[in-house]
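Protein chains: 2
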Amino acid sequence: MTGTESSTDHRQGGILEVAVLDLRGRDTTAFKTALSEAMPLIRRQPGCRSAELRPCLENPQRYLLLVNWADVAAHEDGFRRSEDYRRWRALLHGFYEPFPLVEHYGPPL
Amino acid sequence: MTGTESSTDHRQGGILEVAVLDLRGRDTTAFKTALSEAMPLIRRQPGCRSAELRPCLENPQRYLLLVNWADVAAHEDGFRRSEDYRRWRALLHGFYEPFPLVEHYGPPL
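Those protein sequences? They're chains B and P, same order as listed.
Its first residue numbered 1, the first sequence is counted upward by one per residue in my numbering.
Its first residue numbered 110, the second sequence is counted upward by one per residue in my numbering.
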């Protein structure tokens, strides 16, 4: 991950996917290695404008995933039905406990 | 709120304040009116690079506050000890139930 993308992008009223990721274990090295393979998969999806993962400063096992999508369908009908999502899931889902709540937020008020 | 700011800003490794705001009542009109007065207060703080509030698409009583700060001190030692924060609190805190968890996230990995 380069850290050069912006978590929000106001072109055409895109939406923001937000997920708080709580890791099962304390060793985050394997998680970060998996992320380095996973983040390009989501960034190359049609309708994905940017994606980033930030570490929580108060809780070392918590991370925040922020993904800008053109619309909810790009995430739910596009990415989640793709081969890339199957690979994303295989790479990352084993690290989470509990399984994260994923929400979508509209453009800023 | 203009919606022209970006929720992240990677200059000098700033941090992101994140708060999920759950409103007590179903009428969001008064909340939005209060916000129109409150958001300029936080945006003018030293070290505040941008601030935005987004509505949750799955839950009409939920909002996400994202604030880019130069560092945690700008938020906790600066804003929270300011007169502007007292006004911010008076304007907004009565709308929340429960009181929101506020977390800080470091620069993107």
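Where is the CB? At the ideal position from N, CA and C, for every residue including glycine.
What is the rounded straight-line gap between the Cα of residue i and the Cα of residue j?
{"i": "P/Thr138", "j": "P/Ser191", "result": "27 Å"}
{"i": "P/Phe140", "j": "B/Asp27", "result": "42 Å"}
{"i": "P/Val211", "j": "B/Gln45", "result": "31 Å"}
{"i": "P/Tyr214", "j": "B/Pro55", "result": "5 Å"}
{"i": "P/Arg189", "j": "P/Tyr172", "result": "20 Å"}
{"i": "B/Leu66", "j": "B/Gly47", "result": "14 Å"}
{"i": "P/Arg158", "j": "B/Asn68", "result": "19 Å"}
{"i": "B/Tyr85", "j": "P/Pro216", "result": "25 Å"}
{"i": "B/Asp71", "j": "B/Leu109", "result": "17 Å"}
{"i": "P/Glu126", "j": "P/Ala160", "result": "9 Å"}
{"i": "P/Gly123", "j": "B/Arg87", "result": "31 Å"}
{"i": "P/Glu146", "j": "P/Glu206", "result": "21 Å"}
{"i": "P/Arg204", "j": "P/Asn168", "result": "Strictly speaking, residue 204 of chain P in this sequence is Phe, with Arg absent from that position. The straight-line gap from Cα to Cα measures roughly 16 Å."}
{"i": "P/Phe208", "j": "P/Ala128", "result": "10 Å"}
{"i": "B/Thr33", "j": "B/Leu53", "result": "13 Å"}
{"i": "P/Gln170", "j": "P/Leu144", "result": "14 Å"}
{"i": "B/Leu57", "j": "P/Leu166", "result": "27 Å"}
With a threshold of 8 Å between beta carbons, is residue i in contact with chain P?
{"i": "B/Gly78", "result": "no"}
{"i": "B/Arg54", "result": "yes"}
{"i": "B/Tyr105", "result": "yes"}
{"i": "B/Ile15", "result": "yes"}
{"i": "B/Glu72", "result": "It is Val, not Glu, that sits at residue 72 of chain B in the sequence shown. It does; some Cβ of chain P falls within 8 Å."}
{"i": "B/Val67", "result": "no"}
{"i": "B/Pro46", "result": "no"}
Quick check on the DSSP output: the alpha helix (DSSP H) that includes residue i runs from which residue to which?
{"i": "P/Pro164", "result": "Looking at the DSSP string, P/Pro164 is not in any alpha helix (DSSP H); the run it does join, the beta strand (DSSP E), is 157-164."}
{"i": "B/Arg43", "result": "29-43"}
First and last residue of the beta strand (DSSP E) that includes residue i?
{"i": "B/Arg62", "result": "62-69"}
{"i": "P/Leu125", "result": "124-131"}
When the cut-off is 8 Å and only beta carbons count, does residue i lie next to chain B?
{"i": "P/Pro207", "result": "no"}
{"i": "P/Glu146", "result": "no"}
{"i": "P/Leu150", "result": "no"}
{"i": "P/Pro169", "result": "no"}
{"i": "P/Leu173", "result": "yes"}
{"i": "P/Leu200", "result": "no"}
{"i": "P/Leu130", "result": "no"}
{"i": "P/Thr142", "result": "no"}
From the beta carbon of residue i, is the nearest beta carbon of chain C less than 8 Å away?
{"i": "P/Leu218", "result": "Among the protein chains in the structure shown, which are B and P, there is no chain C."}
Could you tell me which whole beta strand (DSSP E) segments of length 3 or greater appear in the segment 73-103 of chain B? The DSSP assignment places no complete beta strand (DSSP E) segment of no fewer than 3 residues inside the segment 73-103 of chain B.
Does the segment 79-96 of chain B come close enough to the segment 41-49 of chain B that 3 or more CB-CB pairs lie under 8 Å? Cβ pair count under 8 Å is three or more, so yes.
Decide if the segment 124-138 of chain P is in contact with the segment 70-79 of chain B; the criterion is three or more beta carbon pairs, one per stretch, under 8 Å apart. Flag = no, the segment 124-138 of chain P and the segment 70-79 of chain B do not touch.
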